[in-house]
Amino acid sequence: DFYQEDLWSKLPAPWIQTLESASLEELGSWILQEKTRRVWPLSLLALRQLINSITVNRDPTKTTPFVCRSTEWRHSFLQQSTENVIPRDKRLDKFKNLFNRRVKDKKRHEIEKFSEIIAKCRHLSNATGVVDTGAGMGHLARELAYKYRIPIICIEQDRKLTDLAKKYDTVFGQQLKSHLAEFIGSPPQHLCAKIVDESCRGDELPSKFKRIFRDEFPTLQSTASNDDNGFGLIGLHPCGDLAARLLKFYAEQSDAKFISVVGCCYMKLTL
8 DFYQEDLWSK LPAPWIQTLE SASLEELGSW ILQEKTRRVW PLSLLALRQL INSITVNRDP
68 TKTTPFVCRS TEWRHSFLQQ STENVIPRDK RLDKFKNLFN RRVKDKKRHE IEKFSEIIAK
128 CRHLSNATGV VDTGAGMGHL ARELAYKYRI PIICIEQDRK LTDLAKKYDT VFGQQLKSHL
188 AEFIGSPPQH LCAKIVDESC RGDELPSKFK RIFRDEFPTL QSTASNDDNG FGLIGLHPCG
248 DLAARLLKFY AEQSDAKFIS VVGCCYMKLT L
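Every number in the working numbering is 7 more than the matching position in the sequence shown, counting from 1.
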């Protein structure tokens, strides 16, 4: 876009003049809010201050400065330790090698953190289960299904990835059983489909999700759980327009109780 749309020429003239004459060292110091001798345009300084004030804190040891006041209690809950409030099968902690197979370290870290947030969101919303969109090979889904015992449906439009996910589920279950013969858990359910089309409505999907939760998860049948409590929408790295369509789908569907997505490939956005 920078070249095709000639974005440089669209900047204010004082910005162009300053940025053309500034060295890389000066620009780096200015971005880091270090002292520089150059006099910067006031509007550029205002933009920097605005960006700093609305940027989400990326330091995991600190709390984020942006919390909606109407949900402050929920944010406080999400910051609490999972161990005390969310059921989790701690026996599986010693089988990290099974969960880590075919998963890079960075992705493993994301899955562990994201799954904890999802478990808490599901607890808060009392949703029957979770729908993972763009589920790929099911690494996140297995974490949620086995460690947190969350009924989960995986949506993936690539048939090859869906078939691989089913294969890995089978292998994972067999290997886990060899270590924990008494383990009982429901694997993820896989659906090769598009969750939403260009209309972003997908009106027929909620009833399909309810049927899968009702028919494929014995734990829901054997407890007082209500299969009409809706579902949570999640996605770890939904590509391009998928994240935007998920947000619209969530807004349209009363059965969608919460949404948690971490988008990617923003350069592919067209919505």
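Even glycine gets a Cβ: it sits at the ideal position worked out from N, Cα and C.
Quantities reported herein were computed from a predicted structural model and do not represent experimental measurements.
With residue i as the anchor, note down where its alpha helix (DSSP H) starts and where it stops.
i	result
residue 193	That residue, residue 193, is in no alpha helix (DSSP H); it is neither H nor E in DSSP.
residue 25	20-28
residue 136	From DSSP, residue 136 is part of no alpha helix (DSSP H) but of the beta strand (DSSP E) over 136-140.
residue 129	112-132
residue 187	No alpha helix (DSSP H) contains residue 187, which DSSP labels as neither H nor E.
residue 222	212-223
residue 152	No alpha helix (DSSP H) contains residue 152, which DSSP labels as neither H nor E.
Identify the residues that DSSP records as bridge partners of residue i: which are they?
i	result
residue 266	240
residue 198	162
residue 246	271
Are the CB atoms of residue j and residue i within a distance shorter than 7 Å?
i	j	result
residue 160	residue 196	yes
residue 141	residue 242	yes
residue 95	residue 155	yes
residue 25	residue 36	no
residue 124	residue 162	no
residue 158	residue 192	no
residue 237	residue 134	yes
residue 257	residue 263	yes
residue 169	residue 199	yes
residue 128	residue 265	yes
residue 110	residue 240	no
residue 279	residue 122	Residue 279 is absent from the model: the chain starts at 8 and stops at 278.
residue 51	residue 15	no
residue 118	residue 99	no
When the Cα of residue i is compared with those of the options, which residue comes out closest?
i	options	result
residue 190	179, 126 and 212	179
residue 267	175, 155, 184 and 132	132
residue 261	276, 37 and 235	235
residue 33	177, 113 and 45	45
residue 114	52, 14 and 145	145
residue 246	277, 97 and 50	277
residue 220	274, 62, 152 and 30	152
residue 20	49, 8 and 41	49
residue 39	29, 53, 22 and 59	59
residue 174	130, 194, 17 and 164	194
residue 166	29, 188, 148 and 143	143
residue 93	119, 126, 218 and 102	126
For residue i, report the span of its beta strand (DSSP E) as first-last.
i	result
residue 160	159-162
By DSSP, does residue i sit in helix, in strand, or in coil?
i	result
residue 206	Interpretation of residue 206 is limited by its pLDDT of 49, a score under 50 that renders its predicted location unreliable; the figure taken from the coordinates is listed afterwards. Here residue 206 sits in coil by DSSP.
residue 94	coil
residue 48	coil
residue 259	helix
residue 63	coil
residue 181	helix
residue 231	With a pLDDT of only 48 at residue 231, under 50, the local geometry of the prediction cannot be trusted, and the value read off the model is given with reservation. Of the three classes helix, strand and coil, the one that applies to residue 231 here is coil, per DSSP.
residue 39	coil
residue 108	coil
residue 169	helix
residue 9	coil
residue 253	helix
residue 14	helix
residue 31	helix
residue 54	helix
residue 147	helix
residue 99	helix
Hey, is residue i's beta-carbon within less than 7 Å of any beta-carbon in chain B?
i	result
residue 109	Here there is only one protein chain, and chain B is not present.
Looking at the ligand FAD, does it come within less than 6 Å of residue i, judged from the CB to the closest heavy atom?
i	result
residue 126	As presented, the structure is devoid of all ligands, the ligand FAD included, so that no description of it is given.
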